[in-house]
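Before any comments, here is the structure.
Residue numbers (my numbering): 1 to 120.
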């Protein structure tokens, strides 16, 4: 259990960093682009640019990003139906742990979206 708890925390940190870096800035460029330019110009590298995903995390992050989101009034949570449809379309059965990680990524994304919306 301790191993999975630690892995979960690492994956949450990676997801937060990815979402922070993908946030669009006032000029339309992502925060990642701005930080990469800053690093190139000053040599100061933000730690979020160097986060390394655990090997097991990248595929789950990829699945999370490939899931559709309902549009409308802001971002909404990924539904169980969307996950079931994704599994059926890809002939893949996700494990309970993978589903838990996708739900965690979704919660982090919703929080990031709300935070970004409050800055507007």
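No residue lacks a Cβ here, since even glycine has one placed at the ideal position from N, Cα and C.
For this session: Tell whether a beta-carbon distance below 8 Å holds between residue 21 and residue 8.
Result: The residue labelled residue 21 in the question sits at position 21 within the chain shown. The residue labelled residue 8 in the question sits at position 8 within the chain shown. In this structure, the beta-carbon distance from residue 21 to residue 8 does not fall below 8 Å.
For this session: Say yes only if the C-beta of residue 35 is nearer than 7 Å to one or more non-hydrogen atoms of the ligand FMN, and no if none qualify.
Result: By its list of ligands, the structure shown contains no ligand whatsoever, and the ligand FMN lies outside what it can speak to.
For this session: Examine chain D for any beta-carbon lying closer than 8 Å to the beta-carbon of residue 100, and answer yes or no.
Result: Among the protein chains of the structure shown there is no chain D, as only one such chain exists.
Problem set entry | Proximity below 8 Å, CB of residue 86 to CB of residue 110 | As a position in the chain shown, residue 86 is number 86, starting the count at 1. As a position in the chain shown, residue 110 is number 110, starting the count at 1. Annotated as distal: residue 86 and residue 110, with beta-carbon spacing of 8 Å or more.
For this session: Taking only the alpha-carbon atoms, compute the straight-line gap between residue 105 and residue 41 and give it to the nearest angstrom.
Result: Start at 1 with the first residue of the chain shown, and residue 105 comes out as number 105. Start at 1 with the first residue of the chain shown, and residue 41 comes out as number 41. Whole-angstrom Cα-Cα distance: 32 Å.
Problem set entry | Three-way DSSP call (helix, strand, coil) for residue 37 in this model | Here the question's residue 37 lines up with position 37 in the chain shown. Secondary structure at residue 37: helix, using DSSP grouped into helix, strand and coil.
Problem set entry | DSSP three-state assignment for residue 24, whether helix, strand or coil | The sequence position of residue 24 within the chain shown is 24, counting from 1. Residue state, collapsed to three classes: strand.
For this session: Give the DSSP-derived three-state secondary structure of residue 91 in the structure shown.
Result: Residue 91 sits at position 91 when you count from the first residue of the chain shown. In the structure shown, residue 91 sits in coil (DSSP, three-state: anything other than H, G, I, E or B).
Exercise. From residue 28 to residue 34, what does the alpha carbon distance come to, in whole angstroms?
Worked result: For the purposes of this step, residue 28 is identified with residue 28 of the chain shown, where counting begins at 1. For the purposes of this step, residue 34 is identified with residue 34 of the chain shown, where counting begins at 1. If you take the alpha carbons of residue 28 and residue 34, they lie about 10 Å apart.
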